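Worksheet: the structure to be examined is printed underneath.
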Amino acid sequence: MKDTGTHGAGPGGDTARADDETRHPVETVRVWDPLLRLFHWALFVAVVGAWGLGKFGPDVMTLHFWFGYTVLGLLAFRLVWGFVGPEHARFKNFIYGPVTFVKYLGSMFNRKPSYWPGHNPLGGLFVFIILGLLAVHAVTGLFADPEDYINVGPLAQYVSSDTAISALGWHATLSWAVLAIVVLHVAAIAFYKKWKGENLITPMITGKKTVRKDL
Numbered sequence: 001m002k003d004t005g006t007h008g009a010g011p012g013g014d015t016a017r018a019d020d021e022t023r024h025p026v027e028t029v030r031v032w033d034p035l036l037r038l039f040h041w042a043l044f045v046a047v048v049g050a051w052g053l054g055k056f057g058p059d060v061m062t063l064h065f066w067f068g069y070t071v072l073g074l075l076a077f078r079l080v081w082g083f084v085g086p087e088h089a090r091f092k093n094f095i096y097g098p099v100t101f102v103k104y105l106g107s108m109f110n111r112k113p114s115y116w117p118g119h120n121p122l123g124g125l126f127v128f129i130i131l132g133l134l135a136v137h138a139v140t141g142l143f144a145d146p147e148d149y150i151n152v153g154p155l156a157q158y159v160s161s162d163t164a165i166s167a168l169g170w171h172a173t174l175s176w177a178v179l180a181i182v183v184l185h186v187a188a189i190a191f192y193k194k195w196k197g198e199n200l201i202t203p204m205i206t207g208k209k210t211v212r213k214d215l
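No gaps in the numbering here: position 116 of the sequence shown is 116 in full-length UniProt numbering, and each next residue is one more.
Below you can see the structure in the form of structure tokens.
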């Protein structure tokens with residue numbers, strides 16, 4: 001069921017938002033399905049848990065492994081859901097051409113919400129980057145061998161010692177890339193909320209998002 005509505009505005013952007021909503025009518029619709037929302041929050045918990053426990057030494061590495069397996073399981077689900085899930089969960093619906101992408105970047109710093117249905121062009125690109133990064137990071141962990149005979153990745157025995165050590169190095173390096181992209185994600189949410197008056201968190205909880213009717 002759809003209901004018309006407007007989006008909350010931050011300081012300095014009220015007039016611009018009102019004018020934009022007059023030119024481009026908006027409505028509040030259900031965009032994010034329950035499974036996608038559950039995936040999003042479960043992935044957040046699993047990534048933060050795996051990252052944190054991975055930095056506290058061997059005593060908690062068993063939990064680190066289980067969080068890592070959870071990340072891999074969630075990524076496998078997202079891969080499938082990206083092809084068979086509802087409209088806005090499907091990968092094809094947030095792959096945009098260069099013209100659309102550049103046009104969106106040109107309006108990104110306007111002090112008004114974009115009211116984009118689903119992922120906007122920049123958000124769509126970010127989804128592919130973070131999913132790819134997490135997949136590579138988790139897989140390197142499966143083959144990693146710190147040579148302590150305790151915290152060995154379950155697939156390390158199937159590769160050479162040099163490969164296992166290299167996987168460990170990549171796993172450690174990529175952990176910082178994962179941290180960076182999580183921080184960037186949080187910063188982007190704060191930017192959209194404070195600068196553009198666009199709340200990205202509530203829709204990922206309720207599933208409902210205010211969008212333009214003509215997009």
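Quick reminder that beta carbons are idealized off the backbone N, C-alpha and C, glycines included. Bear in mind the structure is a predicted one, so any value in this text is a computation, not a measurement.
Neighbour-count burial assignment, residue i, 16 or more Cβ in a 10 Å radius
i: Asp145; result: buried
i: Phe41; result: Going by the sequence as given, residue 41 is Trp instead of Phe. So Trp41 counts as exposed.
i: Lys209; result: buried
i: Glu87; result: exposed
i: Glu21; result: In this prediction, Glu21 scores a pLDDT of 48, lower than 50, which makes its location untrustworthy; the coordinate-derived value is nonetheless stated afterwards. Glu21 is buried by the Cβ-count criterion.
i: Leu184; result: exposed
i: Thr140; result: buried
i: Val45; result: exposed
i: Gly153; result: buried
i: Asp19; result: Low per-residue confidence applies at Asp19: pLDDT is 49, beneath 50, and the placement is therefore not dependable enough to give any value.
i: Leu79; result: exposed
i: Tyr115; result: buried
i: Phe109; result: exposed
i: Tyr158; result: exposed
i: Phe56; result: exposed
i: Val84; result: exposed
i: Val102; result: exposed
i: Ala187; result: exposed
i: Glu198; result: buried
i: Val99; result: exposed
i: Gly106; result: exposed
Span of the beta strand (DSSP E), counted from its first residue to its last, around residue i
i: Arg78; result: No beta strand (DSSP E) holds Arg78; the alpha helix (DSSP H) holding it covers Met61 to Val84.
i: Glu27; result: Val26 to Arg30
Limits of the unbroken alpha helix (DSSP H) element including residue i
i: Arg37; result: Pro34 to Gly54
i: Val182; result: Ser161 to Lys194
i: Pro203; result: Ile201 to Thr206
Residue i and residue j closer than 8 angstroms at C-beta
i: Pro25; j: Lys213; result: yes
i: Asn93; j: Tyr104; result: no
i: Leu53; j: Val71; result: no
i: Val31; j: Pro113; result: no
i: Gly169; j: Arg37; result: no
i: residue 267; j: Trp51; result: Only positions 1 to 215 of the chain appear in this structure, which leaves residue 267 out of reach.
i: Ile181; j: Ile189; result: no
i: Leu131; j: Leu75; result: yes
i: Leu133; j: Ala177; result: yes
Strand pairing of residue i, partner residues [DSSP]
i: Lys209; result: Val29
Which residue spans inside the region 92 to 145 form an unbroken alpha helix (DSSP H) run of at least 4? Taken in chain order, the whole alpha helix (DSSP H) runs of length 4 or more contained in the region 92 to 145 are 98 to 107 and 121 to 143.
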